[in-house]
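Below you'll find the structure, written out as structure tokens, and then a few comments.
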Amino acid sequence: MKRKKHTIKSIAKEMEVSIATISFILNGKGREKGISKRMIDKVEAYCKEIDYRPNALAKSLRTGKSMILVVIVEDIYSKLARVIEELAYKKGYQVLFCSNNNDDVKSKKLISLFRDRKVDGFIIAPSPGIKDEIEKLQKEQFPIVLFDRYFSDLSNHKVISDNYQASTKVMKCLKQNAYRNILLITPDSEQTQILARINAYKDAVREFNLEEHIFSINLIEEEVEARRKNLKKRLSEDNFDAIFFTTGYLGRLGLEVMKDQFPAYLHSKGIFSYDDDILFKLFTPSISAVEQPIQKMGEALLEIILEEIDAKNPLDKKEIILESQLHFRESSQEKLKLQ
């Protein structure tokens, strides 16, 4: 049996009021237009009873808004995705989440797909090679906010954490706890957030008169087994007394390799990782980690994108830098105590 299709016109006819009255009530403007609470309640109850669903396409044509936001992120930001979704829902927006795996080809396809569908705005953690696509979105006046990383020569709204400052605090902690040969394990990447963490390490090494130990892993070209093999080889050199992982993914991979191949390291080496994880809290020993301000990041991203959507004229570009929290656990205790 074909489902009866209800429209604003048919509802107005059934309730013997004007189409405008029904439209104002359904768009949340009943009180603003002086419609009585009794009439608003009556219309809302009837629409619930008949399971009325507005025509999204017609509404978008009428208002110029799709009420859809696109968030393109890596899998590691699933928690941030939940924060944005909950906040956006309260504002009447639906959110489409897409994982780009930091892959340029996938990112470009996703941006092209949703550009053609005329979504209201984009929140993107950009992969390295999509600068041209970001510029196109700007030229086409799509509201857009970047987060976690950005392109230095593009003017964009961006929300980032204090990568340099947090990494400097990690190095100071390790140095104060008597570690002198700190191995930095990092992706081989030119992305701004990774470079900030690497630069903080290098500056701290110079300031504290330490020896530099940097090991880079190519996360784009190397498969997981190759990464694990190369990491095992580097750890076997044993010319370090502490390790700082610049991403949570590498931190988890490093712990896996150490547990399987170098279990003594877990109790003899200092360990600090970016991107705090429940695993780090439960691991033995518990792993010290940098926690990025996910809740505040989500709030800032949504606030900026909605301001941009509603603005009649272009807004000045905002750069918001949020403070991360360091969790000092067993793995970064003073060297003598750890041993």
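Per my numbering, the sequence shown starts with residue 2, numbered consecutively. Cβ coordinates follow ideal geometry from the N, Cα and C atoms, glycine included.
- A straight line joining the alpha-carbon of Asp154 with that of Leu267 spans about 42 Å.
- As computed with DSSP, Val160 is found in a beta bridge with Phe148, Ile321.
- DSSP places Ile124 inside the beta strand (DSSP E), whose first and last residues are 122–125.
- In this structure, Gln293 sits away from Ser333, with a CB-CB distance that is not shorter than 8 Å.
- A contact between stretches requires three or more CB pairs, one per stretch, nearer than 8 Å, and the segment 136–153 fails this requirement with the segment 165–172.
- In the displayed model, Leu220 falls within coil according to three-state DSSP, outside both helix and strand.
- Taking C-beta separations shorter than 7 Å and ignoring five residues to either side along the sequence, Glu208 has no partners in its chain.
- An exposed status is given to Lys260, since fewer than 16 other beta-carbon atoms sit within 10 Å of its beta-carbon.
- Cβ neighbours of Leu303 within its own chain (closer than 7 Å, five residues either side excluded): Ile85, Leu88, Ala89.
- Straight through space, the alpha carbons of Lys313 and Ala21 are spaced by roughly 26 Å.
- DSSP assignment within the segment 78–129 yields the following whole alpha helix (DSSP H) runs of 4 residues or more, N-terminal first: 79–91, 105–117.
- Your pair Pro127 and Leu147 checks out as a contact, with CB atoms roughly 6 Å apart and the cut at 8 Å.
- When Thr248, His214, Gly252, Phe246 are compared, the shortest CA-CA separation from Asp239 is found for His214.
- In terms of Cα proximity to Ile295, the closest of Ser269, Met172, Lys80, Asp317 is Lys80.
- Asp105 and Glu134 have their C-alpha atoms roughly 10 Å apart.
- For the options Lys170, Gln177, Glu226, the alpha carbon positioned closest to that of Asn200 is the one of Lys170.
- Distance between Lys173 and Val206, taken at the CA atoms: about 10 Å.
- Listed in chain order, the alpha helix (DSSP H) elements of length 4 or more contained wholly in the segment 18–54 are 20–27, 38–50.
- Taking the C-beta atoms as reference points, Gly122 is found nearer than 8 Å to Glu309.
- Leaving aside the five residues that flank Lys109 on each side, the residues in its chain whose CB is nearer than 7 Å to its CB run, in chain order, Ile131, Glu134.
- By the CB criterion at 8 Å, Lys43 and Ser156 fall outside the cutoff.
- Shown here, Gln293 sits in coil according to DSSP, grouped into three states, outside any helix or strand.
- With respect to Val72, Met298 sits apart: the two C-beta atoms are not nearer than 8 Å.
- Judged by DSSP secondary structure, Ile288 falls outside any beta strand (DSSP E); it is assigned neither H nor E.
- Annotated three-state conformation of Gln139 is helix, per DSSP.
- For Leu256, the uninterrupted alpha helix (DSSP H) run begins and ends at 249–262, by DSSP.
- Excluding five sequence positions before and after Gln192, the CB atoms of its chain that fall closer than 7 Å to its own CB belong to Pro129, Arg150, given in chain order.
- Contact annotation: Ser289 and Phe241 have beta-carbon atoms that are not nearer than 8 Å.
- DSSP places Ile131 in the coil class of the three-state scheme, outside both helix and strand.
- Annotated as distal: Asn178 and Gly255, with beta-carbon spacing of 8 Å or more.
- Sequence-distant Cβ neighbours of Ile51 in its own chain, meaning closer than 6 Å and more than five residues away, are His7.
- When secondary structure is reduced to three states using DSSP, His7 falls in the coil class, being assigned neither helix nor strand.
- According to the DSSP assignment, Tyr275 belongs to the beta strand (DSSP E) that extends over 271–275.
- The Cβ atoms of Val291 and Leu327 sit closer than 8 Å to each other.
- Under the DSSP assignment, Ala227 falls outside any beta strand (DSSP E), being part of the alpha helix (DSSP H) whose first and last residues are 225–236.
- Thr187 is bridged by DSSP to Ser217.
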